[in-house]
Amino acid sequence: MAHVLIVGASKGIGFEALRQAIAVGHQVRAFSRSANRIDVFDANLEKRRGDALSEADIDAALGDIDVVVQALGVGAGDLFQPVSLFSDATRILVSSMERRGIKRLITVTGFGAGDSRDAISCLQFVPFRLFLGRAYDDKGVQERLIKNSRLDWTIVRPGILTNGPRSGHYKVLVKPSQWHNGFISRADVADFIVNSIDSEKYVRQAPVLVS
Ligand SMILES: NC(=O)c1ccc[n+]([C@@H]2O[C@H](COP(=O)([O-])OP(=O)(O)OC[C@H]3O[C@@H](n4cnc5c(N)ncnc54)[C@H](OP(=O)(O)O)[C@@H]3O)[C@@H](O)[C@H]2O)c1
Numbered sequence: 293m294a295h296v297l298i299v300g301a302s303k304g305i306g307f308e309a310l311r312q313a314i315a316v317g318h319q320v321r322a323f324s325r326s327a328n329r330i331d332v333f334d335a336n337l338e339k340r341r342g343d344a345l346s347e348a349d350i351d352a353a354l355g356d357i358d359v360v361v362q363a364l365g366v367g368a369g370d371l372f373q374p375v376s377l378f379s380d381a382t383r384i385l386v387s388s389m390e391r392r393g394i395k396r397l398i399t400v401t402g403f404g405a406g407d408s409r410d411a412i413s414c415l416q417f418v419p420f421r422l423f424l425g426r427a428y429d430d431k432g433v434q435e436r437l438i439k440n441s442r443l444d445w446t447i448v449r450p451g452i453l454t455n456g457p458r459s460g461h462y463k464v465l466v467k468p469s470q471w472h473n474g475f476i477s478r479a480d481v482a483d484f485i486v487n488s489i490d491s492e493k494y495v496r497q498a499p500v501l502v503s
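Take 293 as the starting number for the sequence shown in the working numbering and just add one per residue.
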């Protein structure tokens, strides 16, 4: 069983990944600014309060870790301002992982980030750019930093997120010709992430996930 650091573990996909990773027996270090308020108690869970933009916090959180899951997000109110959280946090994380020799990184970005931007339909392109353009430009930089690293990375690009249950049935679209938008639950994205913790199947790949 792996020692897993989840950066952005207090909510959403990161929180779902935390619950599912513990359930299958991984040891989880849950990292976020409000990690102390995570309402899960388990011998295999350590809550670590910290800021992903702090080199010291991230480096300390990486001690004894085998696999890192990065599931950061910004609030809706931040979408209309310049966004640099994803790239800034990733620069810090990648360099600290490389320094420590930790290889495996699983990062959540989203459909429309990086080269998947070309797969956004004409109808969705204008609203997508209007509401999510700043965040996704920064996710593009984040993806480049990861792809240029020496890490064994998987970039996870979910479609539109729901709070539905885990079904275990979703499409993992690896080829650019297959990419399209759609819905997927956070729990199913977490299912893919947790399955990837001890699998090399999607190393150096950036699949789009939709149900
Ligand atoms: N909404 C959609 O339809 C959609 C579609 C595709 C992709 N996505 C992407 O999927 C990802 C996950 O979204 P989500 O809605 O599941 O999660 P979320 O609710 O956005 O959660 C974000 C997590 O990041 C943490 N975080 C933010 N800033 C941090 C910092 N400086 N240091 C440490 N932790 C920090 C938060 O914890 P604290 O606040 O406690 O620090 C929280 O645990 C996001 O990148 C989102 O853009 C979303």
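Note that the Cβ used here is the ideal one computed from N, Cα and C, for glycine as well.
As the structure is a prediction and not an experimental result, all values here were calculated from the model.
> Is K245 helix, strand or coil when you go by DSSP?
Replying inline: Residue coverage of the chain in this structure runs from 293 to 503, which leaves residue 245 outside it and unanswerable.
> Is the CB-CB distance between R442 and E390 below 7 angstroms?
Replying inline: The criterion of a C-beta distance shorter than 7 angstroms is satisfied by R442 and E390.
>> What does the Cβ neighbour count give for P450, buried or exposed, with the cut at 16 atoms within 10 Å?
In response: Around the Cβ of P450, a 10 Å sphere holds 16 or more other Cβ atoms; the residue is buried.
>> Using a Cβ-based criterion (distance less than 6 angstroms to any ligand heavy atom), does A353 qualify as near ligand 1?
In response: No, Cβ of A353 sits at least 6 angstroms from all heavy atoms of ligand 1.
> CB of P374 to nearest heavy atom of ligand 1: below 6 angstroms?
Replying inline: When distances are taken from the beta-carbon of P374 to the heavy atoms of ligand 1, even the shortest one reaches 6 angstroms or more.
> For E308, which residues from the same chain have a beta carbon less than 7 angstroms from its beta carbon, with the 5 sequence-adjacent residues on both sides left out?
Replying inline: For E308, the CB contacts under 7 angstroms within the same chain, skipping 5 residues up- and downstream, are R478, A479 and A482 in chain order.
> Quick one: does the C-beta of D430 sit closer than 6 angstroms to a heavy atom of ligand 1?
Replying inline: For ligand 1, not one heavy atom lies less than 6 angstroms from the Cβ of D430.
>> Can you tell me whether A411 sits near ligand 1, meaning its C-beta is under 6 angstroms from at least one heavy atom of the ligand?
In response: Checking every heavy atom of ligand 1 against the Cβ of A411, none is found closer than 6 angstroms.
>> Pull the bridge partners of P450 from the DSSP assignment, please.
In response: Beta-bridge pairing links P450 to L501.
> Is the beta carbon of A381 less than 7 angstroms from the beta carbon of G306?
Replying inline: Going by C-beta atoms, A381 is not nearer than 7 angstroms to G306.
> Excluding the five sequence neighbours on either side, which residues of its own chain have a C-beta within less than 8 angstroms of the C-beta of G460, listed in chain order?
Replying inline: Within the same chain, G460 has close Cβ partners D480 and D483.
>> If the criterion is Cβ atoms closer than 7 angstroms, does the pair V433 and W471 meet it?
In response: Taking 7 angstroms as the Cβ cut-off, V433 and W471 do not qualify as a contacting pair.
>> Let me check one thing: in DSSP terms, what residues is V464 bridge-paired to?
In response: BP columns for V464 point to L501.
> Does DSSP put R340 in a helix, in a strand, or in coil?
Replying inline: Looking at R340 - three-state DSSP - the assignment turns out to be strand.
> Secondary structure at I394, three-state DSSP: helix, strand or coil?
Replying inline: Here I394 sits in coil by DSSP.
>> Using the Cβ count rule (16 or more neighbours within 10 Å means buried), how would you classify I447?
In response: With 16 or more other Cβ atoms within 10 Å, it is buried.
> Using CA coordinates, which residue listed in T401, M293 and F323 is at the minimum distance from I314?
Replying inline: Selected option, being the one with the closest Cα: M293.
>> Are there any heavy atoms of ligand 1 lying less than 6 angstroms away from the beta-carbon of D343, as far as the coordinates show?
In response: For ligand 1, at least one heavy atom lies less than 6 angstroms from the Cβ of D343.
>> Within the continuous beta strand (DSSP E) that includes I476, where are the two ends?
In response: Element bounds for I476: F475 to S477.
>> Does I452 pass the burial test, meaning 16 or more other C-beta atoms within 10 Å, or should it be called exposed?
In response: By the neighbour-count rule (16 or more Cβ atoms within 10 Å), I452 is not buried but exposed.
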